[in-house]
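Written out below as C-alpha cells is the structure these notes cover.
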C-alpha cells in the first residue's frame, strides 16, 4: 500500500516536471498565447481594484524606505540644486530657441511626445517578483491601440517597451531587464552608443560607445538615438531622456569604452506611464 | 492533509489571492531597495501543511498563474516552485517540526533556493548582460523577508485548513476534558 502511494506520488511529480518543461518549450519566445490572454482578461479587473485599494499601504511602506534613504542625501541634493538652477537659466534660453526652430521647421509644438506618436496613459497593475526579470503589467492593451514594440515613458523619461499585449493589459519590459538594449546618444557631446542594464542594479545602466573620439563627462544627459540595428529589435523614437552619466573617468572610458548611466525614471516605483502608440518602428 | 472539496476551494482561493497580492502589493513595495517575494514562502507553507503532493501541485499551479499574469513563458516559475513545494513536503514527511524557528528558517532557505532557481531558468535561455554581485545581496534580503513573513503565512494557512489537518484532529481528540470546579 505504502509503496503504491510512493509510486503514485513520484508519477505525479514526474508529470508536473515534464508538463512544466513542455510548457516552457511550447511557449518560449511567444508574445502571449490564448490561455494567457484569457487569464489576464479575467484577472486584470481584479488586479486593478486590488492595486488601487492597496496603494495607501504601499505608499506607507515606500515612505518608510524613502525616509531612511533620504537621510544623508540632503547635502548632495543642495549641490545638485545649485547646478540645476544654473542649468534652468540656460534651459529657458534653449527652450525659446527651440520654439523658434520648431516653428521654422513646421514641427509640432507637442514637445515631449515625438511626432507621429499618440500617447496612451496606463497604470502599473503588477510587477515581476524576482530580481531576475524587470517586467511590469499595465492596464492598457490592444483594445486601447497598444501594439508589441511600442515605447513606454513616464514623466521622468524612458521606461521600456511593450513586449506582449492582450486585450486589456500589456507587459512592459523595462530598460533594466537583461534583454533590453537601447540605442542612445550623449548630449551635448554627440557620442553614440548602446545602453544595457546590469542584472541586480536597476539604478545603473552601462553605456558602451560606438564612436569614442570625444570624452564625456559626469552629469551629461543620455537620450534615445532613434536608430536600430540587427542587435536592436525595436527602435525607440529619438530624443526621449534615458538618464545621466554618473561615472565617467577618462581612464575607464579609454580602456573599456564604457560609462555608467543612472536612469531618470525610478524603475522600481512606477505608477502612471504612457505608451507611445503609432509612429514608425 | 485530508483534501475535501471545501479545503480544495480554500487552497485555490489562497493561491489566487497570494499571486494577486504579490503582483499588486509586495512587488511594488521596497524595503532596503528590495521587494519581498512571498510566493516561495507560501508554497513552502502549503508543502509543510499538506505534504509533498500538495506542495508540488500548489507550486505548479501558483507558478502557472504567475506566468500567465506576467505573460512570461509558461512553466518557468512552475518548475522552480514545484521543487520548493516538494522539498518542503519531504521535510514535513521525514521530520517533526519541534521548534517555532523551523518554519521561518525553511521559508528563508527555500526562498533563497527558489530565487537562485529563477536565475537558473533565466540563464537557461541566456542572459546577455552583466550580472552584478548585488543580486546575491537582494536574494539574501528577500530570504530575510521570507523568514519574517513565513511564520505569519504558516499560522494563517494552518488556521484556514485546520479541519483538514490530520495531526490537529488527533490533538483535538486527545485533549483532556476540563473538569468544572476542580
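Chains as they are written, first to last, in the numbering used here: chain A, 31 to 311; chain B, 914 to 1095.
Glycine residues also receive a C-beta, built at the ideal position from the N, C-alpha and C atoms.
The model shown is predicted, which means the values in this text are computed figures rather than measured ones.
Report yes or no: is there a C-beta of chain B within less than 8 Å of the C-beta of residue i?
i	result
residue 227 (chain A)	yes
residue 147 (chain A)	no
residue 302 (chain A)	no
residue 287 (chain A)	no
residue 239 (chain A)	no
residue 93 (chain A)	no
residue 192 (chain A)	no
Let me know if residue i comes out buried or exposed under the rule of 16 or more other beta-carbons within 10 Å of its beta-carbon.
i	result
residue 1068 (chain B)	exposed
residue 40 (chain A)	exposed
residue 1028 (chain B)	buried
residue 293 (chain A)	buried
residue 33 (chain A)	exposed
residue 246 (chain A)	buried
residue 973 (chain B)	buried
residue 158 (chain A)	buried
residue 35 (chain A)	exposed
residue 226 (chain A)	buried
residue 919 (chain B)	exposed
residue 985 (chain B)	buried
residue 218 (chain A)	exposed
residue 1077 (chain B)	buried
residue 1013 (chain B)	exposed
residue 117 (chain A)	exposed
residue 44 (chain A)	exposed
residue 201 (chain A)	buried
residue 1007 (chain B)	exposed
Going by DSSP, what residues sit across from residue i in a beta bridge?
i	result
residue 165 (chain A)	A:203
residue 274 (chain A)	A:251, A:292
residue 194 (chain A)	A:201
residue 213 (chain A)	A:224
residue 152 (chain A)	A:303
residue 236 (chain A)	A:226, A:290
residue 188 (chain A)	A:183
residue 968 (chain B)	Paired residue(s): none; residue 968 (chain B) is not in a bridge.
residue 157 (chain A)	A:166
residue 1032 (chain B)	In the DSSP output, where bridge partners are listed per residue, residue 1032 (chain B) has none listed.
Using 8 Å as the limit for Cβ to Cβ distance, is residue i near chain A?
i	result
residue 1076 (chain B)	no
residue 989 (chain B)	yes
residue 1052 (chain B)	yes
residue 1032 (chain B)	yes
residue 975 (chain B)	no
residue 986 (chain B)	yes
residue 969 (chain B)	yes
residue 1003 (chain B)	no
residue 1067 (chain B)	no
residue 916 (chain B)	no
residue 1056 (chain B)	no
residue 925 (chain B)	no
residue 1096 (chain B)	Chain B is shown only over 914 to 1095; residue 1096 (chain B) falls outside these bounds and no answer can be derived.
residue 992 (chain B)	yes
residue 938 (chain B)	yes
residue 1040 (chain B)	yes
residue 1062 (chain B)	no
residue 981 (chain B)	yes
residue 1016 (chain B)	no
If you reduce the DSSP assignment to three classes, tell me which class residue i lands in.
i	result
residue 134 (chain A)	Because the pLDDT at residue 134 (chain A) is just 45, under 50, the model does not fix this residue reliably, and the point stays unresolved.
residue 279 (chain A)	coil
residue 955 (chain B)	helix
residue 144 (chain A)	coil
residue 183 (chain A)	strand
residue 1043 (chain B)	strand
residue 1017 (chain B)	helix
residue 942 (chain B)	coil
residue 231 (chain A)	strand
residue 121 (chain A)	helix
residue 139 (chain A)	Note that residue 139 (chain A) scores a pLDDT of 45, beneath 50, so its modelled location is shaky and nothing firm can be said.
residue 1095 (chain B)	Unreliable placement is indicated for residue 1095 (chain B), whose pLDDT of 49 sits below 50; no coordinate value is reported for it.
residue 176 (chain A)	coil
residue 1068 (chain B)	helix
residue 961 (chain B)	helix
residue 1074 (chain B)	coil
Starting from the C-beta of residue i, find all residues in its chain whose C-beta is less than 6 Å away, skip the five residues before and the five after it, and write them out in chain order.
i	result
residue 164 (chain A)	204, 206, 207
residue 196 (chain A)	62, 67, 70, 171
residue 155 (chain A)	77, 78, 81, 167, 169
For the ligand ADP, is there a heavy atom less than 7 Å away from the beta-carbon of residue i?
i	result
residue 159 (chain A)	Among the ligands in the structure shown, none appear at all, so the ligand ADP cannot be discussed.
Excluding the 5 residues flanking residue i on each side, which residues of the same chain have their C-beta closer than 7 Å to its C-beta?
i	result
residue 298 (chain A)	232
residue 180 (chain A)	191, 192, 305, 306, 307
Can you find the residues in the same chain that come closer than 8 Å, C-beta to C-beta, to residue i, ignoring five residues on each side of it along the sequence?
i	result
residue 1053 (chain B)	1025
residue 249 (chain A)	113, 274, 275
residue 256 (chain A)	213, 265, 266, 267, 268, 269
Using a Cβ cut-off of 8 Å (strictly closer), state whether residue i contacts chain D.
i	result
residue 958 (chain B)	Annotation note: the requested chain D is absent from the structure, which comprises protein chains A and B.
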